[in-house]
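Here is the structure we will look at.
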Amino acid sequence: MEIKKVLNRFYVNDMEKAIKFYEKILNEKCSNIFKYSEASLELATVGNILIISGSDEALKPFKDTQATFLVDSITEFKEFLLNNGAAIIRDLKIVPSGMNMTVKHFDGTIVEYVEHKANLNWVIK
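5 is the number of the first residue of the sequence shown in the numbering used here; add one for each residue after it.
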């Protein structure tokens, strides 16, 4: 059971502008970008920042989530979290990047857990 990467979540309405800004400020290129059509969102990663873009209405259900943890085994984390005082907000679900769930930790922090699938269909920039 391992957390491979922690991503800070930034919510925006203009993906193109956000990518340009964070590429400049971090001096890193956007490593991937994809549409999450089911939620009317677009996601991109620049360094340790996960940029989530959409309308205010589309972003609303996700804005309380404070970070994304990329993990090696989401099912192992689910069991561990449930045994350690966490509550599942959104249960395991197949998403464009693999599988995710959203969890409220015992201290009230809300975190998305993601296990990437091997063959991602992301647009690599």
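For every residue, glycine included, the Cβ atom is placed at its ideal position computed from N, Cα and C. Quick caveat: nothing in here was measured; it's all calculated off a predicted structure.
Thinking C-beta only, is Ile-93 closer than 8 Å to Thr-106? yes
Of the residues Ala-90, Ser-59, Glu-119, the one placed nearest Thr-113, counting alpha carbons only: Ala-90
Just list the residues that DSSP pairs His-120 with in beta bridges. Gly-102
My assumption, with CB atoms under 8 Å, is that Arg-13 sits in contact with Ile-56. Please give the rounded CB distance. 6 Å
Which same chain residues, not among the five before or five after Ser-35, have their C-beta less than 6 Å away from its C-beta? Thr-49
Rank Ser-44, Val-75, Glu-32 by C-alpha distance to the C-alpha of Val-10 and give the top, closest one. Val-75
State buried or exposed for Phe-110, treating a residue as buried only when at least 16 other CB atoms are found within 10 Å of its CB. exposed
In angstroms with no decimal places, state the Cα-to-Cα distance between Gln-70 and Gly-102. 20 Å
Can you grab the Cα-Cα spacing for the pair Asn-17 / Asp-60, in whole Å? 7 Å
Terminal residues of the continuous beta strand (DSSP E) containing Ala-48? 45 to 50
Helix, strand or coil for Phe-110, going by three-state DSSP, please let me know. coil
Using the Cβ count rule (16 or more neighbours within 10 Å means buried), how would you classify Ile-23? buried
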